[in-house]
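Residue numbers (the working numbering), protein chains in the order written: chain A, 1 to 189; chain B, 1001 to 1189; chain C, 2001 to 2189; chain D, 3001 to 3189.
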DNA sequence: AATGAATGAGAATTCATTCAT
DNA sequence: CATGAATGAATTCTCATTCAT
């Protein structure tokens, strides 16, 4: 792992532990096993690491989706797998994912958000497109826009389960079931 | 307006202007027309104002929804008004709303999120319930869970339009239209 | 107990608990059961309470000495009782007595020290005087100066035992025994 | 001189000038010719410099004693020189020495006191031991305990002269004379 | 490229003190 | 006399950033 990757990894860990506000460059450097000054050779500031972290998370989303969602399956199963993928990654990165919003929002990095999410949007849009061609989803959808709605919907549902409320197995199951029905009705022809 | 409310109001304004990171307690105090020290009589830190701000925003959501959404209207119109309400408030608070995530996430305030949103969830759940009784939405929905999904969906769509991408009128219109269709299909019987 | 006495008492307790540096006027006021502002009706500052506290301690010394030292006893017994008296009070006020030095020294109250100790010096000087007249102590002593030496010697010995070292029963006994022999040799004819 | 020593030296000077209470970290840093922040690389707080200062003073005591007290001299002369040494150093550090009590007492540094004084106690104990072997002091003394008594006695006498009362040449001479006679009687065979 | 001691601007926070009630 | 909310001057302390090695 090169130093840049080490820094990104260390940042994720320290942000998880302490939160962004309380994290010092020194903490990141120490966790990464480098000197303070070295940090600046790779990133100009604490928050500038955020986009790299966000990319990591989006990459995780994509890997998981590509690994589990099969275009050959019936719509319901695909949606099930898509939801599972996003729920799993959100759970894994529960501590950082919200920080990402913070990190990107408190600076001028806001615009990078769209760029970072684009590959994920594209991936889901293409899934929708294919399903649309196979007439598994209604003809009236616009894959690009609907992809964003679908991802936003699933992410927010996952965040409600894993971040904003005390975790509860039953609640997770109910929320997921309701979400799936909701999605199916929204998309099916 | 008592001093606590004044501080909350001033915080919203200053956060909008400068962002959280750049905001000094001194700025808030000045805007609120009080001395630095007085701030600490009401809040222990900058971030501890966040939950109060979040409550304000949720209150705005509720006021707007109650003012515009009429249970007497057909579903499509109700959804249209609900979406408009949430889009409008999100736009108005575009600069603070994401910062709220930051503020609530960096501290131990996470759990307050659910509490703060509860009245809004309840309001929308009750709307769904009534429509369900009138058979305007499908019988299979669970109003409580679906309310969360609906709010999460609309909020995330609004954030995508107003926060994460360069604002674009056409895009806003398309996203809204697609969102409405999506919602109608998801909810209708 | 009037309010002034209450404040002095409260100050002693708070200084014991927190030390001078960390004690706020607010702490003293709270412990005394009065409002912040009321403190200022009786004392102009935190440190100005010090002389009153010092007077308290000196009063304790005098009471104990007067209660236990009998001029009728042989010198050895008198010294024994004098040492015990000073050791006891020093132990009781172990936490404040050093703070007194601090409190009196950090301000312009230094000169009050002599005044506060004068009655104690006088008391011991008069003891020495009487013993000198009875030829129990050597004729060459000057009661006034020797009183100061005696008190300084016993106090410093007591402080070494109770304040500056980990307390140890055996050590206390040895130090006292050595001190008594030392004093006897220094004073006897 | 390394930076730590520079800070200790600067602290002594500034404390002498202004007293502890009125001394700002900034003052010490400036006198030491370093930046504010650098201070914190060496000491966590203003008071934590105290033990290092106390060590300095004890070192001065020892240097002065070793330079002036000759074991070859008769007891009276040795005591004279010992008293002079301690009086001189106490006078020189009159403004800091009492502050040291304050500094060490307000914190958890109390126990360090014994450690810091140990070399001085040992030095005087060894002087007593030698004199005892030469039968210049009475056989019944315990050098270790008596060393503490002797130092405590001389120090307190010096403090009475230089710190707690208005300085007065005649008084100083009388006190010293009385002290010497007192010591001789206490120690001689 | 890497280091980490030194810097010092800048902010948070405290708390003695006031004064209208 | 007593109160305690409000004040804001004053200081501590932090930590991003630099730069000589």
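Don't be surprised by glycine CBs; every beta carbon is placed ideally from N, CA and C. The structure presented is a predicted model; accordingly, all values stated were derived computationally and were not measured.
Chain C contact for residue i (CB, 7 Å cutoff)
{"i": "residue 3142 of chain D", "result": "yes"}
{"i": "residue 3175 of chain D", "result": "yes"}
{"i": "residue 3139 of chain D", "result": "no"}
Neighbouring residues, chain B, relative to residue i (Cβ below 9 Å)
{"i": "residue 126 of chain A", "result": "Within chain B, no residue comes near residue 126 of chain A; the closest Cβ sits about 17 Å away, beyond 9 Å."}
Cβ of residue i within 7 Å of any chain D Cβ
{"i": "residue 2114 of chain C", "result": "yes"}
{"i": "residue 2165 of chain C", "result": "yes"}
{"i": "residue 2060 of chain C", "result": "no"}
Bounding residues of the alpha helix (DSSP H) (the contiguous stretch that carries residue i)
{"i": "residue 3001 of chain D", "result": "Segment: none, residue 3001 of chain D is in no alpha helix (DSSP H) and carries neither H nor E."}
{"i": "residue 3034 of chain D", "result": "Per DSSP, residue 3034 of chain D belongs to no alpha helix (DSSP H) and is neither H nor E."}
{"i": "residue 2087 of chain C", "result": "2075 to 2092"}
{"i": "residue 165 of chain A", "result": "Run containing residue 165 of chain A: none; DSSP gives neither H nor E here."}
{"i": "residue 1064 of chain B", "result": "1050 to 1068"}
{"i": "residue 3135 of chain D", "result": "Looking at the DSSP string, residue 3135 of chain D is not in any alpha helix (DSSP H), and its letter there is neither H nor E."}
{"i": "residue 1176 of chain B", "result": "1169 to 1187"}
Contact with chain A by residue i, beta-carbon distance below 7 Å
{"i": "residue 1087 of chain B", "result": "no"}
{"i": "residue 1043 of chain B", "result": "no"}
{"i": "residue 1157 of chain B", "result": "yes"}
Whole-angstrom distance between residue j and residue i, CA atom to CA atom
{"i": "residue 3023 of chain D", "j": "residue 3015 of chain D", "result": "7 Å"}
{"i": "residue 1126 of chain B", "j": "residue 1143 of chain B", "result": "7 Å"}
{"i": "residue 162 of chain A", "j": "residue 94 of chain A", "result": "7 Å"}
{"i": "residue 3 of chain A", "j": "residue 40 of chain A", "result": "12 Å"}
{"i": "residue 128 of chain A", "j": "residue 1082 of chain B", "result": "26 Å"}
{"i": "residue 2068 of chain C", "j": "residue 2076 of chain C", "result": "13 Å"}
{"i": "residue 3025 of chain D", "j": "residue 17 of chain A", "result": "32 Å"}
{"i": "residue 3005 of chain D", "j": "residue 5 of chain A", "result": "42 Å"}
{"i": "residue 1134 of chain B", "j": "residue 1187 of chain B", "result": "13 Å"}
{"i": "residue 1019 of chain B", "j": "residue 56 of chain A", "result": "26 Å"}
{"i": "residue 2072 of chain C", "j": "residue 3058 of chain D", "result": "42 Å"}
{"i": "residue 2145 of chain C", "j": "residue 2167 of chain C", "result": "31 Å"}
{"i": "residue 1111 of chain B", "j": "residue 165 of chain A", "result": "6 Å"}
Within chain C, the residues that residue i reaches when beta carbons sit closer than 7 Å
{"i": "residue 3182 of chain D", "result": "2146, 2149 and 2186"}
Partners in chain D for residue i, counting only beta-carbon separations shorter than 7 Å
{"i": "residue 2178 of chain C", "result": "3142, 3145, 3146 and 3149"}
{"i": "residue 2160 of chain C", "result": "3148 and 3152"}
Interface partners of residue i on chain D, CB under 9 Å
{"i": "residue 2111 of chain C", "result": "3164, 3165 and 3166"}
Three-pair Cβ contact test at 8 Å for the segment 1146 to 1156 of chain B versus the segment 142 to 161 of chain A: yes
Cβ contact (3+ pairs, closer than 8 Å) linking the segment 3043 to 3055 of chain D and the segment 3007 to 3017 of chain D: yes
Three or more C-beta pairs below 8 Å linking the segment 1020 to 1034 of chain B and the segment 2033 to 2046 of chain C: no
Stretch pair the segment 2085 to 2100 of chain C + the segment 2060 to 2069 of chain C: three plus CB contacts closer than 8 Å: yes
Three or more C-beta pairs below 8 Å linking the segment 2167 to 2181 of chain C and the segment 3127 to 3147 of chain D: yes
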